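For the sequence shown, position 39 matches number 39 in UniProt numbering, and the numbering has no gaps at all. The structure appears below as structure tokens.
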Amino acid sequence: YASKKVGTNDKTILSVMRQDIPRRIVLFLFLYPEHSRLEISEDLEKPPTTISFHLKKLIDLNIIEKRRLGRSYAYRVKNQKEVYHILILYENSLSDDVLGPFLEFIKYVIPDGIPSSYRNRKKKKDIDAIIEEIYKIFPHPYHV
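Next up, the structure:
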């Protein structure tokens, strides 16, 4: 857990990033902003109802936002720089097999929010494939 003095907003973000599905949604939206509930559901291989529940929770917590895109909504991380800052500031309390390498990826590879290796791809990768790519760049000592 975080040893520094933690603000209210920091606590909210930290608590979300400790939960599997909300964490995966936030990480997905960092890499692929402006995606619909259905696209998120397909990429994370979770039922749309589960994704809806967590998206609503993340919106209520002011972590993500949605905007209308035709007949559906697109979602994105609301304050990316603030969330980046909190993730990096408290990385020791968050690091695990998924988040640790992602934080390294954030700090060194994606200053503008989209990895250069993914910018020009027409077909997006699922979050698991991205995490595997991250492990290739920043191997985790416990990842085999």
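C-beta: ideal position from N, C-alpha, C; glycine also. All values derive from a computational prediction rather than experimental measurement.
Of the listed residues the options, nearest to residue i (C-alpha basis)
i            : options                    : result
glutamate 65 : His35, Leu31, Lys46, Asp43 : His35
glutamate 45 : Asn79, Asn62, Ile88, Arg24 : Arg24
Beta carbon of residue i nearer than 7 Å to that of residue j
i            : j             : result
leucine 14   : tyrosine 90   : yes
leucine 29   : valine 83     : no
residue 149  : leucine 61    : Nothing can be reported for residue 149: it is not among the residues displayed for the chain, which extend from 1 to 144.
arginine 37  : isoleucine 59 : no
histidine 54 : isoleucine 21 : yes
DSSP state of residue i mapped onto helix, strand, coil
i           : result
arginine 23 : helix
leucine 61  : coil
arginine 37 : helix
tyrosine 75 : strand
lysine 56   : helix
lysine 46   : coil
Neighbourhood of residue i by C-beta, 6 Å cutoff - its chain only, sequence neighbours within 5 removed
i           : result
arginine 67 : Ala74
Contact set for residue i: own chain, Cβ-Cβ below 7 Å, skip 5 residues either direction
i          : result
lysine 123 : Note that lysine 123 scores 49 on pLDDT, short of 50, meaning its location in the model is unreliable and no value can be drawn from it.
Cβ-Cβ separation, residue j to residue i (assumed contact under 8 Å), whole Å
i             : j          : result
isoleucine 63 : valine 16  : 6 Å
serine 41     : proline 33 : Actually they do not touch by this definition, with Cβ atoms about 16 Å apart.
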